[in-house]
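Heads up: the sequence shown begins at 7 in my numbering, then just goes up one per residue.
Single-structure report; data block below.
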Amino acid sequence: MSDVLHVQWTIIPANAPEPWLNCTRCRGATRFRTSGKIRVNANGKRVDAWLIYKCTSCDNTWNRPILERRHVSTIEPHLLASLQANDPELCRRLAFEQWRRKLKVEHFDDVTVRKNVVSETTRPAGRLEIVCVVPETTGLRVDRLVANELRLSRSRIQSMQNAGHLAASPEGLHRSIRNGLQVRIELRGVHDGDKIALAAMGREA
Ligand SMILES: [Zn+2]
């Protein structure tokens, strides 16, 4: 058995991104939140569909286009049925989709982290390797994720990196987490290495 502990973290954001838009009722830029509702309008053979957003201050609605004047024969029947049924999974996927327009968009950092052990190790583990699966966008930064989940302070994370005992790739500690993020931490000689390893596996006492 190797002394490298491999874990996979799957990051599920709590909240979808919220765009800043001009609210006609508030007469200024406000944040809009998805209502989780889809509106479909079929006009002859043409279909329009929108995800409905609501102004967070006054509930005024704004429609985010999903399909525009699409011929019904070009829409996958399953997608059309899901749109018409307000399918919650589809609503969520759409709410996390990238914005095509250039907009100011608020990202949030509340997440749930599911931890899986990819390969067990001898104890104490000499090195910890974390791979992150991030299917949806979040504003959570790498240092905050690692600190929260390993129950360490962000200054400790920073000094581990400065000493060459921690590496986050490809973009370092101060960026939002992305799919494929890898964090490597040396645990050899670290006094609370066992505690860190247990937290990484989601098995802390
Ligand atoms: Zn408003």
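From the three backbone atoms N, C-alpha and C, an ideal C-beta is built for every residue, glycine too.
### Query
Just reading off the alpha helix (DSSP H) that residue 27 is part of, what are its end residues?
Against the sequence shown, residue 27 aligns to sequence position 21. Here residue 27 belongs to no alpha helix (DSSP H); instead the beta strand (DSSP E) covers 24-29.
### Task
Could you round the C-beta distance between residue 147 and residue 180 to whole angstroms and report it? I think they count as a contact, below 8 Å.
Indexing the sequence shown from 1 puts residue 147 at position 141. Indexing the sequence shown from 1 puts residue 180 at position 174. Contact flag correct, Cβ pair sits at about 6 Å.
### Query
Under the three-state reduction of DSSP, which class applies to residue 171: helix, strand or coil?
In the sequence shown, the residue the question calls residue 171 occupies position 165. The answer is coil: DSSP assigns residue 171 none of H, G, I, E or B.
### Task
Mind checking who residue 164 pairs with in its DSSP beta bridge?
The residue labelled residue 164 in the question sits at position 158 within the sequence shown. According to DSSP, residue 164 bridges with nothing at all.
### Task
Tell whether a beta-carbon distance below 7 Å holds between residue 22 and residue 91.
Taking the sequence shown and counting its residues from 1, one reaches residue 22 at position 16. Taking the sequence shown and counting its residues from 1, one reaches residue 91 at position 85. No; because the gap between Cβ atoms is not below 7 Å, this pair is not in contact.
### Task
Identify which residue in 27, 10, 196 and 7 has its Cα closest to the Cα of residue 107.
Numbered from its first residue, the sequence shown carries residue 107 at position 101. Per the Cα distances, 27.
#### Entry: Contact belief for residue 17 with residue 183 at Cβ below 8 Å, rounded distance in angstroms
Along the sequence shown, one-based indexing puts residue 17 at 11. Along the sequence shown, one-based indexing puts residue 183 at 177. Their Cβ separation, rounded to whole angstroms, is 6 Å, which keeps residue 17 and residue 183 in contact under 8 Å.
### Message
I need the straight-line Cα distance from residue 30 to residue 36, nearest angstrom please.
### Response
As a working note, residue 30 is residue 24 in the sequence shown. As a working note, residue 36 is residue 30 in the sequence shown. Near 10 Å, if we compare the C-alpha coordinates of residue 36 and residue 30.
### Query
Under the DSSP definition of a beta bridge, which residues are partnered with residue 68?
Stepping through the sequence shown from its first residue, residue 68 is reached at position 62. Paired residues: 59.
### Task
Take residue 24 as the anchor and find which of 12, 60 and 88 has the nearest alpha-carbon.
As a first step, residue 24 must be located in the sequence shown, where it is residue number 18. The residue with the shortest Cα to Cα distance from residue 24 is 60.
### Message
Only counting the same chain, and skipping five residues up and downstream in sequence, which positions put a Cβ closer than 8 Å to that of residue 13?
### Response
Reading the sequence shown from its first residue, position 7 is the one you call residue 13. Once the five neighbours on either side are set aside, the close Cβ partners of residue 13 are 121, 122, 123, 124, 134, 135, 136, 137, 206 and 207.
### Message
Using a Cβ-based criterion (distance less than 6 Å to any ligand heavy atom), does residue 41 qualify as near ligand 1?
### Response
For this step, residue 41 is matched to residue 35 along the sequence shown. Checking the Cβ of residue 41 against ligand 1 gives no.
#### Entry: Among 53, 41 and 161, the one whose alpha carbon lies nearest that of residue 74
The sequence position of residue 74 within the sequence shown is 68, counting from 1. For residue 74, the nearest C-alpha among the options comes from 53.
#### Entry: Helix, strand or coil at residue 91 according to DSSP, with G and I counted as helix
Walking along the sequence shown from the start, residue 91 turns up at place 85. Coil at residue 91, not helix or strand.
### Message
Tell me the residue span of the beta strand (DSSP E) that contains residue 43.
### Response
Within the sequence shown, residue 43 is the residue found at index 37, counting from 1. Unbroken beta strand (DSSP E) run through residue 43: 34-49.
### Task
With DSSP as the reference, please indicate the residues paired to residue 137 in a beta bridge.
As a first step, residue 137 is located in the sequence shown; it is residue number 131 there, counting from the start. In the DSSP output, where bridge partners are listed per residue, residue 137 has 14 and 188.
### Message
Which same chain residues end up closer than 6 Å to residue 41 when comparing Cβ atoms and leaving out the 5 residues on each side of it in sequence?
### Response
Within the sequence shown, numbered from 1, the residue matching residue 41 stands at position 35. Closer than 6 Å at Cβ, skipping near neighbours: 58 and 60.
### Query
With C-beta atoms as the reference, is residue 67 less than 7 Å away from residue 39?
In the sequence shown, the residue the question calls residue 67 occupies position 61. In the sequence shown, the residue the question calls residue 39 occupies position 33. The answer is no: Cβ separation not under 7 Å.
### Query
Considering only residues of the same chain and omitting the five flanking positions on each side of residue 117, which have a CB-CB separation below 8 Å?
Position 111 of the sequence shown holds residue 117. For residue 117, where only same-chain residues beyond five positions count, the Cβ hits under 8 Å are 17, 18, 19, 20, 144, 146 and 151.
### Task
Could you tell me the distance, in whole angstroms, from the CA atom of residue 176 to the CA atom of residue 139?
Against the sequence shown, residue 176 aligns to sequence position 170. Against the sequence shown, residue 139 aligns to sequence position 133. Their backbone Cα atoms lie some 14 Å apart in a straight line.
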